[in-house]
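Using our numbering, you'd call the opening residue of the sequence shown number -14 and step up by one each time.
Glycine is no exception: its CB is placed at the ideal position from the N, C-alpha and C atoms.
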Amino acid sequence: MLFQNIVLEMQANKQNVSSAQSFQKYVSTNNLKANTAASISIDSIKKLPKTLRDCNTMVLRLGSRLGDNQTYFSLVKSNDVNDFFFNDQALFGQLQPELFLPNVSIRSLFAFQLLPKVTETSVVNLAIASGLMAEALNLKDDKTIVVPATGQSTFTFNFKPLANEDVALEHINGQVEIDAVFVAKRDGKEHLFVIEAKHGDKFDSLAKHKLLYPSLSLLQKLPSSMPIVPVYLRSIKTENGINFYIAECPCIVNQQDELYSLDTLSPCKVQALHLANY
């Protein structure tokens, strides 16, 4: 087992969060062989090693450290490993997607119909261009959302892996991907919506840090008057079109002394809409 030494040490010391350490150094010191990305960049529960799942433990990538370009990580133990994931079946399994009829011209969506296979980026753009995203997020004040920004960069921020533990983790100069981000007005107030999108042909899961990391990366750049709304978008191709499952989490606000917790990031609203003929 790759992380056995750390798990045993955590058990012996009755720790729920291990100290951040270099993955490459850990592997070398313990005479192990492992791929960094595959071992510590976990985006769904099925990719988490069974040995960690069985002891309700998650591995988190934490960027690098000053003067050290190696990748750091930490293990976090919870009462239930599902605390670290959005489970599609649990979130969306009881929803019946409602037919959504776009209130835009056929011309504006024509290009999407030409694509034999859609990517996660194009699915997000389709959801926005069609007005489906505005409908799901209750953007009555701002139906016309501009094309979202997307990209990746290195970011530094702090967070709590467990809400009930007085332990904070530092993510320092680590790579963070942002699937989509846009500004829209809701209830008369500007909000920044951060979207993490997954597309496929069936339900799966999403590691919560894939949504929390982008949100915290952008939070420090915003005034406290502009909340961030983290949104998980799962799209599934069907014979007749695409089902969109949207999970919206509570707002995150820039309060200098407040740290947000990974395990308590949970949707406050879920919705399912169907876009036909795509």
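- With a threshold of 16 other beta carbon atoms within 10 Å, Lys183 meets it and is buried.
- It is roughly 31 Å from the alpha-carbon of Asn143 to the alpha-carbon of Thr104.
- A straight line joining the alpha-carbon of Leu76 with that of Glu162 spans about 24 Å.
- The beta carbons of Ser200 and Val168 sit no closer together than 8 Å.
- Asn262 sits in coil when the DSSP states are folded into three classes, being neither helix nor strand.
- Judged by DSSP in its simplified three-state form, Thr14 adopts helix.
- Residue Val132 holds the alpha-carbon nearest to the alpha-carbon of Ile113 among Lys187, Leu100, Val132, Ile221.
- Note that the region 25 to 35 does not touch the region 197 to 215; fewer than 3 beta-carbon pairs, one per stretch, sit closer than 8 Å.
- Across the structure, Ser251 and Met43 are spaced so that their CA atoms are roughly 17 Å apart.
- Between Thr56 and Ile25, the C-beta gap is smaller than 8 Å, which places the two residues in contact.
- In this structure, Leu45 lies near Ser59, with their beta-carbon atoms less than 8 Å apart.
- Out of Pro146, Ser93, Asn88, Phe140, the CA that lies nearest to the CA of Tyr245 is found in Pro146.
- DSSP places Leu111 in the helix class (H, G or I) of the three-state scheme.
- The alpha carbon of Ile231 has as its nearest neighbour, out of Gln240, His176, Ala119, Leu204, the alpha carbon of Ala119.
- Using a Cβ distance threshold of 8 Å, Leu258 and Leu117 count as a contacting pair.
- For the options Met(-5), Asn(-2), Asp68, Arg50, the alpha carbon positioned closest to that of Asp248 is the one of Asp68.
- Going by beta carbons, His156 and Leu51 fall outside the 8 Å limit.
- With a cutoff of 8 Å on beta-carbon distance, Tyr263 and Leu111 are scored as near each other.
- Here the alpha carbon of Phe97 sits roughly 26 Å from the alpha carbon of Leu196.
- Counting along the chain, the unbroken alpha helix (DSSP H) around Ala121 starts and ends at 117 to 121.
- Residue pairing by DSSP places Tyr57 opposite Ser7 in a beta bridge.
- In the DSSP assignment, Phe178 falls within the unbroken beta strand (DSSP E) covering 174 to 185.
- Here Ser3 is near Met(-5), since their CB atoms are less than 8 Å apart.
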